[in-house]
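Only one structure is covered here, and it is reproduced in the block below.
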Amino acid sequence: MFARAVSRHFLRPSALPIARPAIPTSFTLSALQRRFLSDETRQAIDKAVKSAPVVLFMKGTPETPQCGFSRASIQVLGMQGVDPNKFAAFNVLEDPELRQGIKEYSDWPTIPQLYVDKEFVGGCDIIISMHQSGELAKLLEEKQVLASPEATESSETKQE
Amino acid sequence: MAQSSITGDSITAALKDRIKAVHVEITDISGGCGQAFTSLIVSPEFAGKSSLKRHRLVNAALKEEIAQIHAWSAKCQTPEEWEKENAATGGNDGPPLDGTASGEVVGVNQ
Chain A
1 MFARAVSRHF LRPSALPIAR PAIPTSFTLS ALQRRFLSDE TRQAIDKAVK SAPVVLFMKG
61 TPETPQCGFS RASIQVLGMQ GVDPNKFAAF NVLEDPELRQ GIKEYSDWPT IPQLYVDKEF
121 VGGCDIIISM HQSGELAKLL EEKQVLASPE ATESSETKQE
Chain B
1 MAQSSITGDS ITAALKDRIK AVHVEITDIS GGCGQAFTSL IVSPEFAGKS SLKRHRLVNA
61 ALKEEIAQIH AWSAKCQTPE EWEKENAATG GNDGPPLDGT ASGEVVGVNQ
């Protein structure tokens with residue numbers, strides 16, 4: 001329900017340069033060279049990380065995750081009640097530069113990756129364990145990125 | 001190393017060697033290809049470290065391995081935490097299966 005309720009919002013990040021290879025991509029570079037993050041990619045990822053208070057780099061879209069870990073992470077953010085207006089998702093499958101670049105950028109080898117307030121929180125394992133321990137709720141509340149209870153209720157009602 | 005395929009045993013050996021893991025459980029969640037794993041890692045080196053730092057420690061220790069496989073999931077506990085959770089769950093502490101469906105993870109090959 002979370003994903004559907006906010007689907008329109010997710011289209012916005014796709015319009016950013018990073019979601020489409022508007023920047024010259026380096027498909028021709030060797031695997032070794034590709035391991036080093038170009039300035040352009042770094043700047044594009046900087047921009048993506050700053051695009052919303054809560055940012056998830058994932059495989060697929062919130063509506064149609066293409067990997068179980070991305071799906072689980074989106075579900076957790078939905079259960080937590082993250083405000084759709086304060087959330088952006090980037091589909092790494094749409095952009096090979098982003099897919100490789102985000103791993104270097106965060107020094108984290110897997111997708112999904114969660115950023116809150118421009119700070120790297122972790123991947124699926126950490127998101128889930130923080131969800132279970134209550135740390136995630138605390139963090140999201142502190143950062144004031146949760147939807148108001150009324151708004152959450154009404155969007156849920158709409159979906160049911 | 002780059003040529004050989006990664007196994008649960010090779011990951012276990014690497015963790016015991018590189019981060020002094022005292023207990024490692026690896027579960028194959030690939031559903032066939034054998035290159036997707038979830039793990040429970042118990043090491044005294046996790047003591048006093050946040051969850052993020054523990055994962056970073058493991059990621060660094062298994063940099064080559066994780067780069068080669070399709071999926072990697074880990075739960076990082078100190079021996080004390082492991083004992084406590086084992087007692088609380090009646091010995092049911094184990095690798096996390098979140099994100100998998102019936103113990104298989106879907107879509108990571110893409």
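Here the protein sequences come in this chain order: A and B.
Residue 1 is where the first sequence starts when you use full-length UniProt numbering, and the numbers rise one by one after that.
Residue 1 is where the second sequence starts when you use full-length UniProt numbering, and the numbers rise one by one after that.
Quick reminder that beta carbons are idealized off the backbone N, C-alpha and C, glycines included.
Predicted model, so just to flag it, every value in this text is computed and none were measured.
7 Å Cβ shell around lysine 138 (chain A) - same chain, five flanking residues per side excluded: Nothing listed; no residue qualifies.
Any C-beta of chain B under 7 Å from that of alanine 147 (chain A): Not one chain B Cβ lies under 7 Å of alanine 147 (chain A).
Residues bridged to residue 168 (chain A) [DSSP beta-bridge criterion]: Because residue 168 (chain A) is not part of the residues shown, which for chain A are 1 to 160, the question remains open.
Contacting positions in the stretch 37 to 66 of chain B - beta carbon closer than 8 Å to chain D: No chain D appears in this structure, whose protein chains are A and B.
Cut-off 6 Å between Cβ atoms - residues of its own chain near leucine 140 (chain A), not counting five sequence neighbours on either side: Excluding positions up to five away in sequence, the list reads Gln80, Leu146.
Secondary structure of lysine 50 (chain A), DSSP reduced to three states: Reduced to three states, the DSSP call for lysine 50 (chain A) is coil.
Classification of asparagine 92 (chain B) by the beta-carbon crowding that lies within 10 angstroms, buried from 16 upward: Exposed is the label assigned to asparagine 92 (chain B), since fewer than 16 other Cβ atoms lie within 10 Å of its Cβ.
is_contact[alanine 14 (chain B), chain A] using C-beta, thresh 7 Å: Alanine 14 (chain B) does not count as touching chain A.
Own chain partners of lysine 86 (chain A) with C-beta closer than 7 Å, once the 5 adjacent residues on each side are dropped: Beyond the five residues adjoining it in sequence on each side, lysine 86 (chain A) comes within less than 7 Å, by CB distance, of Ala52, Pro53, Val54, Val145 in the same chain, given in chain order.
Where the alpha helix (DSSP H) through alanine 61 (chain B) begins and ends: That run of the alpha helix (DSSP H) goes 51 to 61.
At least 3 beta-carbon pairs within less than 8 Å: the stretch 93 to 109 of chain B vs the stretch 25 to 38 of chain B: They touch, by the three-pair rule.
Inter-residue spacing [alpha-carbon to alpha-carbon] between residue 195 (chain A) and glycine 123 (chain A): Any question about residue 195 (chain A) goes unanswered here, given that chain A covers just 1 to 160.
Alpha-carbon to alpha-carbon, leucine 136 (chain A) and arginine 99 (chain A): Rounded to whole angstroms, arginine 99 (chain A) and leucine 136 (chain A) show a C-alpha spacing of 25 Å.
Min CB distance aspartate 117 (chain A) to chain B below 7 Å: No, because no Cβ of chain B sits closer than 7 Å to the Cβ of aspartate 117 (chain A).
Listed by chain order, chain A residues near alanine 101 (chain B) by CB distance under 8 Å: Identification of chain A residues near alanine 101 (chain B) by a Cβ-Cβ cut-off of 8 Å yields Gly68, ordered along the chain.
First through last residue of the beta strand (DSSP E) which encompasses leucine 114 (chain A): Following the DSSP letters along the chain, one finds leucine 114 (chain A) inside the beta strand (DSSP E) bounded by residues 113 to 116.
CB of alanine 89 (chain A) within 7 Å of CB of leucine 56 (chain A), strictly: At the C-beta level, alanine 89 (chain A) and leucine 56 (chain A) come within 7 Å of one another.
Threonine 38 (chain B) versus tryptophan 72 (chain B): straight-line alpha-carbon distance, rounded: C-alpha separation (whole angstroms): 6 Å.
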